[in-house]
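If you want the numbering used here, it's the 1-based position in the sequence shown plus 47.
Everything on this sheet refers to the single structure shown next.
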Amino acid sequence: MVKDLSIQELEERFQEKINKDIKIEPNDWMPDDYRQTLIRQISQHAHSEIVGMLPEGNWITRAPNLRRKAVLLAKVQDEAGHGLYLYSAAETLGADREETIDDLHSGKAKYSSIFNYPTLTWADMGAIGWLVDGAAIMNQVPLCRCSYGPYARAMVRVCKEESFHQRQGFEIMAHLAQGSPEQKAMAQDALNRFWWPALMMFGPNDAESKHTLQSMKWKIKRHTNDELRQQFVDVTVPQAEMIGLTIPDKDLKFNEKTGHYEFGEINWDEFWNVVKGNGPCNKDRVETRRKAKENGAWVREAALAYSEKRQNRKSA
Ligand code: FAQ
48 MVKDLSIQEL EERFQEKINK DIKIEPNDWM PDDYRQTLIR QISQHAHSEI
98 VGMLPEGNWI TRAPNLRRKA VLLAKVQDEA GHGLYLYSAA ETLGADREET
148 IDDLHSGKAK YSSIFNYPTL TWADMGAIGW LVDGAAIMNQ VPLCRCSYGP
198 YARAMVRVCK EESFHQRQGF EIMAHLAQGS PEQKAMAQDA LNRFWWPALM
248 MFGPNDAESK HTLQSMKWKI KRHTNDELRQ QFVDVTVPQA EMIGLTIPDK
298 DLKFNEKTGH YEFGEINWDE FWNVVKGNGP CNKDRVETRR KAKENGAWVR
348 EAALAYSEKR QNRKSA
């Protein structure tokens with residue numbers, strides 16, 4: 048019986064399950080720190096999906112043709128769906144959804160640094176799909192094997208959809224890169240602006256990452272931030288070459304011995320500045336989300352009133 052075991056024994060049993068790759072489910076015993084780590088990561092992830100709708104949402108009305116518009120609209124809706132699965136996964140750990148969302152609106156909760164950069168041209172839709180969704184997949188495919196069941200299962204569908212997003216972004220970039228000199232320049236400019244922020248998405252270097260060690264032990268994370276960043280660079284550089292675009296890194300070079308690309312130093316001051324709320328769009332993003340909640344209050348009230356009415360009719 049769980050109640051007869053000491054905390055230490057419970058923790059040992061818990062770690063044994065993790066070591067054997069047995070999934071942890073919502074009603075299983077888990078250390079409080081494991082629960083809190085997951086609530087932190089899953090809610091930050093959920094916020095990223097929802098805030099991540101804004102930079103692309105900005106271009107839905109200005110997509111260059113009907114096909115591009117329909118695809119972008121579907122993509123942005125997918126991100127909303129991802130946010131909802133993730134908020135639900137956080138709820139299975141006891142997180143209160145209203146509180147979680149209030150933390151985003153008060154500026155207490157983090158979300159991915161990448162969504163605090165502006166989307167200035169149509170090519171940014173290509174760069175986001177290709178690079179941002181590309182980085183997201185690199186990070187999220189291993190999360191399908193996360194030790195916490197509801198998070199791992201949510202990631203399976205999310206990754207399938209992100210994979211479509213990545214390809215649609217790459218297709219936009221390839222198309223622009225083969226277009227007029229102005230279109231190619233627009234694609235290159237988008238790559239120049241999104242390359243470094245995309246590398247920052249993976250989080251601080253391993254030496255600075257305070258959660259990685261423990262999260263790897265618990266098999267929440269399966270790879271370190273630097274390992275995933277390297278994989279992303281190795282996969283993406285040849286893609287840029289294939290469509291005739293140049294990665295904006297003068298130190299980038301392929302190391303024949305290691306089989307990996309070496310790349311330049313990331314501007315960590317810029318990263319932490321954005322994470323602390325001082326990026327180009329942080330204030331605007333949070334304010335937009337806050338207003339969306341306020342403006343949508345009547346929809347929630349109407350839905351509640353309708354469900355109460357149905358409930359009353361049923362019991363009558
Ligand atoms: N931005 O010790 P670590 C997407 C924080 S989804 C802001 O390394 P950890 C889909 C970190 O929270 C993109 N903050 O932390 C899409 C921690 O702060 P805390 C989101 C960051 O958790 C595409 C501190 O730094 N994906 O793009 C960032 O072990 C297109 C120390 O860091 C996920 O959330 C950052 N980039 O590793 C949507 C995936 N990096 O909490 C729309 C799940 C780190 O102690 C359009 N999350 N920090 O105050 C993860 O895999 C991990 O949480 C990491 C960070 C890898 C992000």
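Just so it is clear, CB atoms sit at the ideal spot from N, CA and C, and this is done for glycine as well.
- For His258, no alpha helix (DSSP H) encloses it, and the DSSP letter there is neither H nor E.
- Val98 has its Cβ no nearer than 6 Å to any heavy atom of the ligand FAQ.
- Each of Pro102, Lys64, Pro251, Met263 was checked against the Cα of Ala170, and the nearest Cα belongs to Pro102.
- Counting other Cβ atoms within 10 Å of its Cβ, Asn74 stays below 16 and is therefore classed as exposed.
- Trp177 has its alpha-carbon roughly 7 Å from the corresponding atom of Gln215.
- Apart from the 5 residues on each side of it in sequence, Gly173 sits with its Cβ closer than 7 Å to the Cβ of Gly216, Ile219, Met220, Leu223, Ala234, Ala237 in its chain, given in chain order.
- For His94, the enclosing alpha helix (DSSP H) has its first and last residue at 79-98.
- Within 6 Å of the C-beta of His92 there is at least one heavy atom belonging to the ligand FAQ.
- Under the three-state reduction of DSSP output, Asn342 falls in the helix class.
- Cα atoms of Trp76 and His212: separation of roughly 37 Å, rounded to the nearest angstrom.
- In this structure, the C-beta of Lys257 approaches the ligand FAQ to less than 6 Å from one of its heavy atoms.
- CA-CA distance, Asn320 to Asn163, rounds to 11 Å.
- Phe301 sits in a strand when the DSSP states are folded into three classes.
- Shortest gap from the CB of Val179 to any heavy atom of the ligand FAQ: under 6 Å.
- A straight-line Cα-Cα distance of about 15 Å links Lys330 and Met100.
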